[in-house]
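Here is the structure we will look at, set down as structure tokens.
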Amino acid sequence: MTLDKVRRGQKIEILSIPDNTVRMQAIRLGLNEGTHVRCSEIIPKGPVIIQKRMQEIAIGRKLAEKIKIRVLD
Amino acid sequence: MSKCHNCEGQPLEIPKDAKKIVLVGNPNVGKSVFFNALTGIYVDVSNYPGTTVDISVGRYKSDVVIDTPGVYGVSSFNDEERVARDVILDADLILNVVDAVHLDRDLFLTLQLIDMGKPIIIALNMMDEVKRNGQLIDIERLEEILGVPVIPTIATKNIGIDKVKENLYSAKVGKRGDFIKLLMNKYGGEIERKADLLMILEGDEEVTSKYNVSDIPNMREEIYRDRRSRVDKIVAEVISEIDRGADFKILLSRWMMRPLTGIPILLFSFFLMYELIGVFIAQTVVGFTEDTIMNGYYVPFITSLMSKVVPSGTLFGEVLIGEFGLLTMTVTYVLGLLLPLVVGFYFFLSIMEDSGYLPRVAALVDRVLNYFGLNGKAVIPMILGFGCVTMATITTRILGSKRERIIATMLLGLAIPCSAQLGVIAALISRLGLRYFVIYTLIIFTVFVLVGTILNRLLKGESTDLFIDIPPLRVPQLKNILNKTYSKTKMFISEATPLFALGALLISVMQYFGILVKIQEFVAPLTVGWLKLPRETATAFIMGFVRRDFGAAGLYSIPMSDNQTLVALITMTLFVPCIAATMVIFKERSKKEALWIWIGSFIIAFLVGGIVAQIIM
């Protein structure tokens with residue numbers, strides 16, 4: 001499943017980040033393949049906001065469509 | 001000696017290879033609930049010999065569960081602690097029940113248990129109280145630091161107890177502190193049981209006497225102090241306070257980012273910005289700085305001063321103190337007009353940044369900006385553009401790809417009127433009335449959208465997607481805002497002033513050699529024939545290239561019909577950016593890109609203006 005399909009409140013694990021540049025940026029912000037985050041907000045047709053510990057990150061929809069994730073229950 | 005409760009006449013059987021699971025915790029943390037959950041009804045309560053302390057023993061699966069009295073630490077201070085110590089020293093596995101509300105107190109015992117080197121699992125109890133107190137505990141981080149599993153529980157509501165049972169045998173030996181590790185390495189030699197070693201190091205006489213060691217010092221003081229500071233550090237790291245308004249902050253954050261509520265909030269912010277900058281600064285402050293101080297005192301002063309040295313008719317005189325003089329116009333423009341406006345703009349932007357609102361605006365508008373091949377970040381140069389397009393163009397550096405920088409620069413130069421211009425435009429429009437205002441705004445807006453969309457289609461390559469940090473919302477700190485405003489304004493002055501100066505220099509030279517007049521004559525037919533405007537407006541357009549507000553102001557004095565004024569304003573707004581901004585564009589982009597942008601603005605301005613003119617006149 002990709003990040004853009006996540007619902008608000010769901011806890012997810014990031015499986016893959018496609019783009020090299022984005023992956024580097026992501027690691028700097030604390031996100032990596034295997035990181036567990038929570039979806040804290042979805043803006044309709046807009047960015048997805050994910051939350052890791054106390055930190056929130058906004059990810060544009062087109063990018064979210066490329067990031068593969070797994071929902072944790 | 002052995003009292004058996006509820007056991008129907010049979011003593012408790014303890015299997016041979018049973019592991020000893022010991023429950024440890026401060027008094028009143030809820031240990032008994034866990035004990036009961038593990039052992040059920042077959043419990044043996046016996047008195048510990050030589051003390052007044054009772055300990056309960058029960059069975060869990062094929063193991064033994066032993067409850068200890070609530071203690072704050074393990075030692076030989078009193079009976080309770082002595083009993084706890086003995087039971088713990090013999091334990092195979094420890095279930096440490098911790099009161100999450102008093103983490104700073106309870107973790108002391110936890111760290112001591114970890115230092116003893118026994119496998120531990122922690123039940124972090126009373127989590128509901130923690131939430132009620134407006135606190136948040138980072139349990140993952142706590143597990144990481146301690147190196148043992150931590151299970152959040154609300155024992156009174158039976159929450160988390162099953163999970164503790166499931167994970168009971170995943171109890172691990174935790175991470176000892178560096179100081180303890182050092183001591184144990186140094187003095188550890190002959191003592192096999194590390195837990196005993198710790199007791200000896202902490203000066204426990206009874207344990208020490210069991211071994212025949214005399215050279216291990218009593219380091220209790222140092223160890224306790226070290227342990228306390230470790231606890232403090234851990235607590236500082238894993239506990240965070242949610243304000244009482246925690247839920248409100250989350251709500252507010254959501255309102256800011258979702259279109260239905262976010263757009264009204266944004267419009268309101270723009271309105272506030274307009275009131276502060278457009279009304280107060282642009283009129284009152286600038287009126288004071290530019291008219292009273294600059295034109296009233298400074299210009300006459302410097303002119304008379306310099307004319308003693310340099311005659312005013314010469315090229316040199318023209319360049320320095322002429323109409324577009326370096327010492328006259330440049331200084332007046334930058335310090336008298338732009339400085340107050342830029343300070344106001346940066347002040348506002350700093351508030352939006354420091355409060356955490358700005359990145360949320362970026363998230364809100366990201367979807368719309370995607371149509372133009374931009375992402376939410378571009379909102380920053382766009383907003384700045386209303387302050388000073390020169391500055392905004394420099395800010396396009398923050399955008400992720402060349403493609404985005406080109407599109408943003410084009411839109412800035414074309415359709416975003418800077419504050420210098422806005423003031424005069426507003427004055428002219430107000431003369432025309434609401435209907436013309438709406439038409440003007442619609443046309444500019446349409447041009448913006450069209451050009452953005454077309455550029456997005458035409459340009460090669462891919463734009464970057466939004467990927468930004470959204471910091472927590474907070475009340476902006478005045479000190480931070482003032483610092484940011486100051487440093488950004490300073491950067492503006494140092495970067496933009498040389499550009500304005502250079503531009504003024506060029507214009508002065510052109511003026512002196514009559515080139516400016518020639519250009520006006522050249523442009524005039526276009527102005528009259530195509531735009532259907534009076535001949536003199538060509539001068540205004542050329543002036544607009546020098547100083548945006550001069551251009552607009554120039555129109556003020558030319559008698560024109562309402563329709564003509566509209567056409568002039570549209571053309572003026574879309575027209576090429578001022579010379580300073582033009583120079584930044586040439587500096588930031590390649591010569592070819594910059595040329596296309598400049599010529600493009602020129603053509604579009606006259607094209608749109610002309611079409612409107614043909615239609616309405």
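Which chain is which? The protein sequence lines are Z and W, in order. First residue of the first sequence: 1, per this note's numbering; consecutive thereafter. First residue of the second sequence: 1, per this note's numbering; consecutive thereafter. No residue lacks a Cβ here, since even glycine has one placed at the ideal position from N, Cα and C.
Item: Proximal residues to GLY609 (chain W) (C-beta, below 6 Å), its chain only, five neighbours per side dropped; Value: LEU531, VAL567, ILE570 and THR571
Item: Under 8 Å between C-beta atoms of GLY30 (chain W) and VAL130 (chain W); Value: no
Item: Alpha-carbon to alpha-carbon, ASP115 (chain W) and ILE55 (chain W); Value: 24 Å
Item: Option in W:ALA37, W:ALA100 and W:GLY25 with minimal Cα separation from GLU81 (chain W); Value: W:GLY25
Item: Chain W contact residues for GLU41 (chain Z), given Cβ-Cβ distances below 7 Å; Value: ARG254 and MET257
Item: Outcome for ASP226 (chain W) when other beta-carbon atoms lying within 10 angstroms are tallied against a minimum of 16; Value: buried
Item: Residues that ILE49 (chain Z) contacts on chain W, provided the C-beta gap is smaller than 8 Å; Value: MET257, ALA363 and ILE470
Item: Proximity winner among W:LYS16, W:ASP67 and W:GLY177, relative to PRO27 (chain W) (alpha-carbon distances); Value: W:ASP67
Item: Delimiting residues of the beta strand (DSSP E) encompassing GLN55 (chain Z); Value: 55-59
Item: Backbone CA spacing between ILE94 (chain W) and VAL101 (chain W) [nearest angstrom]; Value: 21 Å
Item: Opposing strand residues paired with ARG70 (chain Z) [DSSP bridges]; Value: Z:GLU13
Item: Interface flag, GLN10 (chain Z) vs chain W, CB-CB below 8 Å; Value: no
Item: Interface flag, ASP354 (chain W) vs chain Z, CB-CB below 8 Å; Value: no
Item: Cβ-based burial, ILE515 (chain W) [other Cβ within 10 Å; buried from 16]; Value: exposed
Item: Chain W contacts made by the region 53-70 of chain Z, where a contact means CB separation under 9 Å; Value: ARG53, MET54, GLN55, GLU56, ILE57, ALA58, ILE59, GLY60, ARG61, LYS62, LEU63, ALA64 and LYS66
Item: Residue(s) in a DSSP beta bridge with LEU124 (chain W); Value: W:VAL98 and W:PRO152
Item: Residues near GLU8 (chain W) by beta carbon distance below 8 Å, same chain, minus five either side; Value: Since pLDDT at GLU8 (chain W) reaches only 42, below the 50 mark, its modelled position is unreliable, and no value is offered.
Item: Residues that VAL22 (chain W) bridges to, as DSSP identifies them; Value: W:ILE66 and W:ILE94
Item: Cβ-heavy atom distance, PHE280 (chain W) to the ligand HEM, below 7 Å; Value: Judged by which ligands are present, the structure shown has none, so any question about the ligand HEM falls away.
Item: Contact set between ASN375 (chain W) and chain Z, taken where Cβ atoms lie within less than 7 Å; Value: GLY60
Item: Cβ-Cβ distance between LEU124 (chain W) and ILE139 (chain W) below 8 Å; Value: yes
Item: ALA540 (chain W) classed as buried or exposed, judged by whether at least 16 other C-beta atoms fall within 10 angstroms; Value: buried
Item: 8 Å Cβ cutoff, VAL37 (chain Z) in contact with chain W; Value: no
Item: Per DSSP, cross-strand counterpart(s) of SER32 (chain W); Value: Answer by DSSP bridge pairing: none, since SER32 (chain W) is not bridged.
Item: Close Cβ partners of GLY387 (chain W) (< 7 Å) along its chain, the five nearest in sequence each way excluded; Value: LEU341, VAL342, PHE345, CYS418 and SER419
Item: Endpoints, the beta strand (DSSP E) within which TYR357 (chain W) is located; Value: Unbroken run through TYR357 (chain W) is the alpha helix (DSSP H), 357-369; no beta strand (DSSP E).
Item: Distance between LYS172 (chain W) and LEU29 (chain Z) (C-alpha atoms, nearest Å); Value: 31 Å
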